[in-house]
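Residue numbers (this note's numbering), protein chains in the order written: chain A, 13 to 167; chain B, 602 to 750.
Below is the structure:
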């Protein structure tokens, strides 16, 4: 007998639809606060917080930590996936490819799309696995990185 | 820290481990910096009563950042991280306030080294483990390293 699926045609219709967030100005303070948070309570890497030090590095200026890219694109309009609310939503995994560093003053635009939605029967109930892709482009039109992520929704 | 060179890397070589004490303090600080205020990472009552989790759990993105720190510390400033992936397979629970016991331990080893389009690459298997040695976040990394010549 066919199991009732949460991944209806209406849900699947959202796959591949791109949404674009508003351009994000990357402020020096955001980079510094982020760099502090990821190495707390030890001092952050000077490449991310010390302008004099960074100027003499091969980058010529402060650059954001590579993992800073996880903070981007919060303003991307949320795609309304017609699924019932999950008991718990979790981050299943991240995969980032890095092409160029992000510097203070850069303006980054995030383009996002869902690339797949599948349903599994987990031990604790239904599990929806959503795979998405985000592309980060700077003010010069250069793609600075691409992120692929997996979201887990447990029912 | 001394710069790592591609010439000196061998397959199977261990990446210098990186470890952190993680308490609610670290989660709060990261939540602010990463603009990631999600109840299962912030509110113990919600985690336990609504999401039926054992406690608040460490954000995947913070575990990712720790793995990235391990990689960038190891490859040095002349090295370039090209790709890093992590899968959040297990939950990590933050330690008690003012704890000094490491909560998250990042480790890794070199799986491949090669030259492509004139660049010198290393590929690595990376992961986080708990103090008890349970791997909660397996992943992989690709970096370009400088050479001695």
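Glycine included, every Cβ here is placed at the ideal spot set by N, Cα and C.
- The C-beta distance from residue 726 of chain B to residue 714 of chain B rounds to 13 Å, too long to fall under 8 Å, and the pair is not in contact.
- A straight line joining the alpha-carbon of residue 99 of chain A with that of residue 159 of chain A spans about 26 Å.
- Per the DSSP secondary-structure output, residue 107 of chain A pairs in a beta bridge with A:160, B:686.
- Between residue 129 of chain A and residue 29 of chain A, the C-beta gap is not smaller than 8 Å, which leaves the two residues out of contact.
- By the Cβ criterion, the stretch 152-166 of chain A is not in contact with the stretch 610-629 of chain B, since fewer than three pairs of Cβ atoms, one from each stretch, lie closer than 8 Å.
- Residue state for residue 723 of chain B is assigned as strand, using DSSP reduced to three classes.
- In this structure, residue 739 of chain B and residue 690 of chain B form a Cβ contact; the two beta carbons are roughly 7 Å apart against a cut-off of 8 Å.
- Of B:676, B:637, B:662, the smallest CA-CA separation from residue 614 of chain B is found for B:676.
- Counting along the chain, residue 673 of chain B sits inside the alpha helix (DSSP H) bounded by residues 661-676.
- From the beta-carbon of residue 102 of chain A, the residues of chain B found nearer than 8 Å are 641, 661, 689.
- Contact check for residue 91 of chain A against residue 137 of chain A fails: the beta carbons are separated by 8 Å or more.
- Counting only Cβ-Cβ distances below 7 Å, residue 21 of chain A has no contacts in chain B at all, with the closest Cβ about 29 Å away.
- Within the same chain, Cβ atoms closer than 7 Å to the Cβ of residue 17 of chain A are found at 131, the five residues on either side in sequence being excluded.
- Under the Cβ criterion of 8 Å, residue 608 of chain B is not counted among the residues facing chain A.
- Burial of residue 121 of chain A is indicated by the presence of at least 16 other C-beta atoms within 10 angstroms of its C-beta.
- Look at residue 40 of chain A here: in three-state DSSP terms it is helix.
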